[in-house]
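Quick notes on the structure that follows.
Number of protein chains: 2
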Amino acid sequence: MVYIIVVYDMRADRTRLMLNFLRKYLTHVQNSVFEGEVTEGDLETIRNHTQTLLNPDESTIIYRIGSEKYVDRTVIGEDPTDESRFL
Amino acid sequence: MVYIIVVYDMRADRTRLMLNFLRKYLTHVQNSVFEGEVTEGDLETIRNHTQTLLNPDESTIIYRIGSEKYVDRTVIGEDPTDESRFL
């Protein structure tokens with residue numbers, strides 16, 4: 001398994017496409033930010049499918065971190081995932 | 001040194017505050033996303049100062065990753081940092 005953080009920059013009226021897709025794999029932690037642990041196969045699916053969702057002027061960055069233990073997460077201010085698992 | 005990714009969720013008319021601050025330390029890679037290598041001292045400064053910039057309904061997440069070598073970054077679509085250094 002690997003730990004990934006996905007951030008995306010899309011037109012406001014199109015973000016639902018990405019939201020509905022990424023929710024199947026990851027936790028929605030902030031406006032255009034998802035994170036979670038996935039298999040390498042899921043990561044490949046996420047890479048390929050996000051590409052099909054983007055218009056030319058939009059982008060996604062996927063940070064693949066070898067393992068959760070390398071990531072330390074600080075939330076400042078309101079945390080929309082209060083009820084979800086933390087790192 | 002440590003590698004950090006900072007994402008923030010603020011009202012559109014207030015994001016310039018965060019942008020101008022984080023630019024002193026990090027690379028602006030996407031709409032509300034910065035990343036880069038910083039000292040532990042800088043990280044502490046970033047944690048403390050971002051807290052003062054936020055309104056109650058806004059948030060920042062700081063991912064601290066032990067070293068760049070643990071992070072693999074995939075950009076899909078338009079990369080606003082084309083001219084900058086990649087991981």
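Keeping their order, the protein sequence lines are chains A and B.
So the first sequence is residues 1 to 87, counted in UniProt numbering.
So the second sequence is residues 1 to 87, counted in UniProt numbering.
Where a beta carbon is used, it is the ideal one built from N, C-alpha and C, also for glycine.
Given the structure is predicted, the values throughout are model-derived calculations rather than measurements.
**Q.** Distance CB(residue 33 of chain A)-CB(residue 7 of chain A) smaller than 7 Å
**A.** Sequence index remark: in the first sequence, residue 33 of chain A carries index 33 (1-based). Sequence index remark: in the first sequence, residue 7 of chain A carries index 7 (1-based). The answer is yes: Cβ separation under 7 Å.
Q) So is residue 43 of chain A in contact with chain B if we call contact Cβ pairs under 7 Å? A) Numbered from its first residue, the first sequence carries residue 43 of chain A at position 43. The beta carbon of residue 43 of chain A does not come within 7 Å of any beta carbon belonging to chain B, so the residue lies off that interface.
Q) Straight-line CA distance for residue 47 of chain A to residue 79 of chain B? A) Taking the first sequence and counting its residues from 1, one reaches residue 47 of chain A at position 47. Taking the second sequence and counting its residues from 1, one reaches residue 79 of chain B at position 79. In a straight line, the C-alpha of residue 47 of chain A is about 15 Å away from that of residue 79 of chain B.
Q. Between residue 58 of chain A and residue 15 of chain A, what straight-line distance do the alpha-carbon atoms span, to the nearest angstrom?
A. On the first sequence, position 58 is the one that residue 58 of chain A refers to. On the first sequence, position 15 is the one that residue 15 of chain A refers to. The alpha-carbon atoms of residue 58 of chain A and residue 15 of chain A are separated by roughly 10 Å.
**Q.** Alpha-carbon to alpha-carbon, residue 60 of chain B and residue 50 of chain B
**A.** Counting from one through the second sequence, the residue named residue 50 of chain B turns up at place 50. Counting from one through the second sequence, the residue named residue 60 of chain B turns up at place 60. The straight-line gap from Cα to Cα measures roughly 7 Å.
Q.
Let me see if you follow: with CB-CB separation under 7 Å, is residue 86 of chain A close to chain B or not?
A. Walking along the first sequence from the start, residue 86 of chain A turns up at place 86. Unreliable placement is indicated for residue 86 of chain A, whose pLDDT of 43 sits below 50; no coordinate value is reported for it.
Q.
Determine, for residue 68 of chain A, whether the minimum Cβ-Cβ distance to residues of chain B falls below 7 Å.
A. Numbered from 1 along the first sequence, position 68 holds the residue referred to as residue 68 of chain A. No, residue 68 of chain A lies away from the interface with chain B (no Cβ there is under 7 Å from its Cβ).
Q. So, using beta-carbon positions, are residue 40 of chain B and residue 26 of chain B closer together than 7 Å?
A. Indexing the second sequence from 1 puts residue 40 of chain B at position 40. Indexing the second sequence from 1 puts residue 26 of chain B at position 26. No Cβ-Cβ contact shorter than 7 Å links residue 40 of chain B with residue 26 of chain B.
**Q.** When A:56, A:12 and A:19 are compared against residue 75 of chain B, the one with the closest alpha-carbon
**A.** Residue 75 of chain B sits at position 75 when you count from the first residue of the second sequence. Residue 75 of chain B has its Cα closest to that of A:56, out of A:56, A:12 and A:19.
**Q.** Counted within 10 angstroms of its Cβ, other Cβ atoms place residue 13 of chain A as buried (16 or more) or exposed
**A.** Within the first sequence, numbered from 1, the residue matching residue 13 of chain A stands at position 13. Exposed: under 16 other Cβ atoms inside 10 Å.
Q: Could you check what DSSP says for residue 8 of chain A in three-state terms: helix, strand or coil?
A: The residue you call residue 8 of chain A lines up with position 8 of the first sequence. DSSP places residue 8 of chain A in strand when its eight states are reduced to three.
Q | Presumed contact (8 Å Cβ cut-off) between residue 64 of chain B and residue 43 of chain B, rounded CB distance | A | The residue given as residue 64 of chain B occupies position 64 in the second sequence. The residue given as residue 43 of chain B occupies position 43 in the second sequence. Their Cβ separation, rounded to whole angstroms, is 7 Å, which keeps residue 64 of chain B and residue 43 of chain B in contact under 8 Å.
Q: Can you tell me which of A:77, A:72 and A:5 puts its alpha carbon nearest to the alpha carbon of residue 105 of chain A?
A: Since the displayed chain A opens at 1 and closes at 87, residue 105 of chain A lies outside it and no answer follows.
Q: Under the assumption that residue 9 of chain A contacts residue 31 of chain B (Cβ atoms under 8 Å), give the Cβ distance between them as a whole number of angstroms.
A: On the first sequence, position 9 is the one that residue 9 of chain A refers to. On the second sequence, position 31 is the one that residue 31 of chain B refers to. About 4 Å separates the beta carbons of residue 9 of chain A and residue 31 of chain B, which is inside the 8 Å limit, making them a contact pair.
(Q) In the DSSP output, what is residue 59 of chain B paired with across the bridge? (A) If you number the second sequence from 1, residue 59 of chain B lands on position 59. Answer is A:77 and B:9, bridged to residue 59 of chain B.
Q) Under a CB-based cut-off of 7 Å, is residue 58 of chain A close to chain B? A) The residue you call residue 58 of chain A lines up with position 58 of the first sequence. At least one chain B Cβ lies under 7 Å of residue 58 of chain A.
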